[in-house]
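Quick note, the sequence shown lines up with residues -11 to 422 if you use the numbering used here.
For each residue, glycine too, the CB sits at the ideal point set by N, CA and C.
Just so we're clear, the structure is a prediction, and the values are computed from it rather than from any experiment.
In what follows, a structure is listed as structure tokens, so that the remarks can point back to it.
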Amino acid sequence: MRTTVSAIPLTGADCFLRAFDGEIRRHNRASHVSQLVLRLGPGFDTARFTKLVEEVAGAEPLLRAPILRPLGVGAPVYRTRAAGRCAPPPVIVHDAAGPRSEALPEVFSRRLNERVSCRRGELLRFDVVRHDSGAGGSDLAMSWLHMLFDGSGSERFVARLDECFRGARQPTDLPEPGEFEPPTRKGPSLAEVGARARTWQRWVQRFGERPTHSLAGPLSRAQQALGYDVLSLSERDSERAMARAKEQAGFLTPMLFFLAAAVRAHHAVYRSRGLDPGSYLVPLPVDVRPKGVAGAVFRTHVSLLWFQVAPECADDLGTLLEELKRQRLASIKAGHVENGLHAMRFARYAPMRLYTGLARRHLGGELCSFFFAWTGEFCAGLNRFLGAEVVDGFHVPPAPASPRAARPARVQRRRRGSRGRPTIPHRVRPEGSG
């Protein structure tokens, strides 16, 4: 049913993302925006889609609610009561000349470099690019501030929009029942939460014993224009890649194979440039939706598993996979998934710069080597969207300032004016395709 509470608290992961959004906005004027892209066949009803978004935004205030701290203190919340004063999510329709190509419309990457304001409820927007007035298909990009959905939530949101189009769901019924209600089961005491948060903090601090050095250049306040490539595989190649991932990394953990591949891709660049990575430090989001609201749509429901490997481990894929599997099992047994969740919840009340302060003090100035996420099969079961066939679809990660945005000021002053090293563009593989 329609959200009626006047304020919805951000999750701990939301606050982490909000802090990172604030950090990158201070340095390159972008925002921590993610995208979901659907490549659609002919028949997409653009007019009906625009009207549907208006109906949904009118029925669900969270889609345009400003994010603020009550009276400037306390944990930040979605001020749903103030949503009526904010503009609804825009739907911008573009007509492209010529037939559709493999390359995505330039406007999609441009959206990732724009600056939006969560204080003004600028959380969501859509771009539709029609080819041959729609007869040649359409490309749809849903761009959102990463606090509104996580990857899984964005897929559920798109699926529920299509259900509204087909009359299978009402626009007032987008959230999961009970999604915004506080947990009924009594959680750990404040003392236990604090103790587990400190345990997690000490674990993360140990990564600073061998700091990571990302491929990004020195800290810069100049506006960056970062983009991405999309690599599409055939169905046969996708099946072969997934089969290999399950065989080598385990049936339940194929993401470790792709994480290892990403580490080795970075490792090859470091070796070709004669650079020292220090170590490879990568956080892996873990879905922590509570039982009873496993289908939650809104907000970010993740904790982080951190992996740190020495460069010599990356020389051999088998060695690297064994090390990642060992670290994953050890972290789960040590309770680091739950500890990280408690730490992020505990830190909701702290100033945003607490997070980047952790990197400055304990991680040598850099948060991680690169970002990695895995959502599994993309939009499982969504074969048509508003009357058009879904030809392809995938997530596009944010293109913000690099993790080096967290470097300490003293390093910034020392490197000011230097050219530094070039930034590698994001390379994205369609989710579920391997």
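For residue i, which residues of its own chain have a beta-carbon under 6 angstroms away from its beta-carbon, when the five flanking residues on both sides are left out?
{"i": "R69", "result": "S(-6)"}
{"i": "E110", "result": "V104"}
{"i": "L56", "result": "R67"}
{"i": "L(-2)", "result": "P64"}
{"i": "G175", "result": "none"}
{"i": "R73", "result": "none"}
{"i": "A129", "result": "Q23, V25, F96, D115"}
{"i": "S131", "result": "V21, Q23, R99, R113"}
{"i": "D2", "result": "M135, R287, T288"}
{"i": "V297", "result": "Y268, E311"}
{"i": "G381", "result": "L26, F366, C367"}
Going by DSSP, what residue range makes up the alpha helix (DSSP H) through residue i?
{"i": "M243", "result": "243 to 261"}
{"i": "G141", "result": "139 to 154"}
{"i": "D225", "result": "223 to 237"}
{"i": "L240", "result": "Run containing L240: none; DSSP gives neither H nor E here."}
{"i": "R190", "result": "178 to 193"}
For residue i, write down the residues that DSSP places opposite it in a beta bridge.
{"i": "V118", "result": "Note that residue 118 corresponds to Arg in the displayed sequence, not to Val. Answer is D83, S126."}
{"i": "I12", "result": "DSSP lists no partner for I12."}
{"i": "V95", "result": "According to DSSP, which records beta bridges pairwise, V95 is partnered with nothing at all."}
{"i": "H201", "result": "None, per the DSSP bridge assignment."}
{"i": "S22", "result": "W132"}
{"i": "H383", "result": "L24"}
{"i": "F373", "result": "A376"}
{"i": "L112", "result": "W132"}
Could you please give the first and the last residue of the uninterrupted beta strand (DSSP E) stretch that includes residue i?
{"i": "W362", "result": "From DSSP, W362 is part of no beta strand (DSSP E); its letter is neither H nor E."}
{"i": "L269", "result": "268 to 275"}
{"i": "F502", "result": "With the chain running from -11 to 422 in the structure shown, residue 502 is simply not present."}
{"i": "A(-5)", "result": "-5 to -3"}
Spatial neighbours of residue i within its chain, please: CB distance less than 7 angstroms, with the 5 preceding and 5 following residues excluded, ordered by chain position.
{"i": "G0", "result": "L329, M332, R333, A335, R336"}
{"i": "E42", "result": "P76"}
{"i": "D83", "result": "R118, S121"}
{"i": "Q189", "result": "A331"}
{"i": "A233", "result": "P242, F245, F246, G422"}
{"i": "D275", "result": "S140, H289, V290"}
{"i": "G62", "result": "Y337"}
{"i": "G280", "result": "G166"}
{"i": "L374", "result": "F32, D33, R36, F37, D150, F153"}
Leaving aside the five residues before and after residue i along the sequence, list all residues of the same chain whose C-beta is less than 8 angstroms from its C-beta, in chain order.
{"i": "T38", "result": "V79, V81"}
{"i": "L309", "result": "Q236, A237, L244, F245, A248"}
{"i": "R157", "result": "R148, E151"}
{"i": "A183", "result": "none"}
{"i": "V44", "result": "L51, L149, C152, P159, L162"}
{"i": "H255", "result": "P265, Y268, P299, A302, D303"}
{"i": "S177", "result": "none"}
{"i": "N371", "result": "E377, V378"}
message: With three or more C-beta pairs closer than 8 angstroms as the rule, is the segment 192 to 203 touching the segment 262 to 274?
response: As far as the Cβ criterion goes, the segment 262 to 274 touches the segment 192 to 203, which means the pair count is three or higher.
message: Restricting to runs no shorter than 4 residues, where is the alpha helix (DSSP H) found entirely within the segment 34 to 85?
response: 34 to 47
- prompt: Do the segment 286 to 303 and the segment 124 to 140 make contact, defined as three or more Cβ pairs closer than 8 angstroms?
  reply: yes
- request: Let me know the beta strand (DSSP E) ranges lying completely inside the segment 276 to 306, each 3 residues or longer, listed in chain order.
  value: Runs found: 290 to 297.
- prompt: Three or more C-beta pairs closer than 8 angstroms, one from the segment 297 to 312 and one from the segment 17 to 30: is that the case here?
  reply: Judged by Cβ distances under 8 angstroms, the segment 297 to 312 makes no contact with the segment 17 to 30, as fewer than three pairs qualify.
message: With three or more C-beta pairs closer than 8 angstroms as the rule, is the segment 233 to 246 touching the segment 308 to 316?
response: yes
- prompt: For the segment 23 to 30 against the segment 357 to 376, are there 3 or more C-beta pairs whose distance is under 8 angstroms?
  reply: yes
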